[in-house]
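Residue numbers (this note's numbering): 1364 to 1668.
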């Protein structure tokens, strides 16, 4: 995108997650978000946080560098305002002030979202898609450090929960097929204790909408391509059996083979195992027949808020 002057309808969000930092620059007019710039860079801010409670200084510095670069990109694109959001790793860390100070030195103000607020922004973003603007909706966003789950009927929120269940949080080294049984048991116990009793109190649709990277990458791997339009991707529906087949296939592959897989970024080759296992387990336990990926989520919601 060529540099442009400030545009009052042009806004930017920098989303600092446990696994990666993401930038969205978009024009927002009458509740319609038109994406102009979308970038992502992995910094693994959450590594170590879930064991020690502390952000590693190397990760803080790298995350700040990427956020500063993204802010410059947003300004060059003509964004009038830039929101910087921190999610699970930032809210769990005892030293999140280190990150806030580092960002402040780059003239960036960190907003640390609590789980409920994050879930609400995800819903608002997903509802910006015309197909998902109304009706009953079950939505899950599996991030690096947490999973946001909500059920809504129109504007009426039936359920909003944030669980300490994420791909980076559960990742230990580079999992192999030998680790699958242990992870499946851990996930099953967690979901049976925390998730199933909660969802049992609400009426669920047959389709689960999945925000975040995992559903997007599963759809791309299914189609064996990196070249898929946003509209094609967001109209994709993966059946439960397809999710199960993909999960089994990914777990059976060595790490290096997954890194070469069409549709899957090489730096996601480790965490995709955790993400796909979470989605399969949730779909099985809650009776979801289909998974629909969405590119919209917390960043879209933040632009609309």
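Yeah, the Cβ is synthetic: ideal placement off N, Cα and C, and Gly gets one too. Source: prediction; values computed, not measured.
Between the CA atoms of residue j and residue i - distance to the nearest angstrom
i            : j            : result
residue 1540 : residue 1395 : 44 Å
residue 1385 : residue 1401 : 7 Å
residue 1387 : residue 1426 : 16 Å
residue 1406 : residue 1529 : 16 Å
residue 1651 : residue 1570 : 5 Å
residue 1464 : residue 1531 : 24 Å
residue 1525 : residue 1555 : 15 Å
residue 1424 : residue 1622 : 26 Å
residue 1516 : residue 1491 : 15 Å
residue 1377 : residue 1448 : 6 Å
residue 1549 : residue 1523 : 23 Å
residue 1421 : residue 1518 : 42 Å
residue 1500 : residue 1513 : 8 Å
residue 1533 : residue 1489 : 26 Å
residue 1508 : residue 1399 : 27 Å
residue 1599 : residue 1585 : 10 Å
residue 1476 : residue 1486 : 14 Å
residue 1469 : residue 1646 : 42 Å
residue 1478 : residue 1628 : 27 Å
residue 1419 : residue 1452 : 11 Å
residue 1644 : residue 1613 : 15 Å
residue 1433 : residue 1442 : 11 Å
residue 1565 : residue 1438 : 44 Å
Buried or exposed (CB count within 10 angstroms, at least 16 for buried), residue i
i            : result
residue 1472 : exposed
residue 1409 : buried
residue 1370 : exposed
residue 1593 : exposed
residue 1506 : buried
residue 1482 : buried
residue 1416 : exposed
residue 1493 : exposed
residue 1671 : Limits of the chain in this structure are 1364 at one end and 1668 at the other, which puts residue 1671 out of reach.
residue 1625 : exposed
residue 1456 : buried
residue 1606 : buried
residue 1602 : exposed
residue 1383 : buried
residue 1631 : buried
residue 1610 : buried
residue 1467 : exposed
Closest by C-alpha distance to residue i, when choosing among the options
i            : options                : result
residue 1404 : 1411, 1419, 1429, 1418 : 1429
residue 1375 : 1446, 1494, 1500, 1538 : 1446
residue 1573 : 1420, 1504, 1439       : 1504
residue 1440 : 1495, 1372, 1469, 1448 : 1372
residue 1444 : 1391, 1584, 1566, 1631 : 1391
residue 1659 : 1612, 1436, 1496, 1527 : 1496
residue 1567 : 1648, 1389, 1382       : 1648
residue 1379 : 1462, 1393, 1411       : 1462
residue 1562 : 1511, 1591, 1631, 1474 : 1511
residue 1458 : 1653, 1413, 1393, 1383 : 1413
residue 1502 : 1575, 1431, 1631       : 1575
residue 1381 : 1436, 1537, 1474, 1450 : 1450
residue 1340 : 1527, 1498, 1537       : As displayed, the chain neither begins before 1364 nor continues past 1668, which places residue 1340 out of reach and without an answer.
residue 1454 : 1527, 1661, 1538       : 1527
Residue i - containing beta strand (DSSP E), residue span
i            : result
residue 1372 : 1370 to 1379
residue 1396 : 1395 to 1405
residue 1510 : 1510 to 1516
residue 1440 : Counting along the chain, residue 1440 falls outside any beta strand (DSSP E), and DSSP gives it neither H nor E.
residue 1656 : 1653 to 1656
residue 1575 : That residue, residue 1575, is in no beta strand (DSSP E); it is neither H nor E in DSSP.
residue 1500 : 1499 to 1505
residue 1474 : 1473 to 1475
residue 1389 : 1383 to 1392
residue 1522 : 1519 to 1526
Residue span of the alpha helix (DSSP H) that contains residue i, given as start and end
i            : result
residue 1646 : 1634 to 1649
residue 1451 : 1451 to 1455
residue 1565 : No alpha helix (DSSP H) contains residue 1565, which DSSP labels as neither H nor E.
residue 1546 : 1543 to 1553
residue 1483 : 1478 to 1489
residue 1610 : 1603 to 1615
*Does the region 1651 to 1668 touch the region 1607 to 1618, meaning 3 or more C-beta pairs lie closer than 8 Å?*
Taking one beta carbon from each stretch, the region 1607 to 1618 and the region 1651 to 1668 have fewer than 3 pairs nearer than 8 Å; the two do not touch.
*asked:* Three Cβ pairs or more, each shorter than 8 Å: is that satisfied between the region 1545 to 1560 and the region 1478 to 1493?
replied: Cβ pair count under 8 Å is below three, so no.
*Stretch-stretch touch, CB-based, cutoff 8 Å, three pairs: the region 1573 to 1583 with the region 1631 to 1649*: Yes, they touch.
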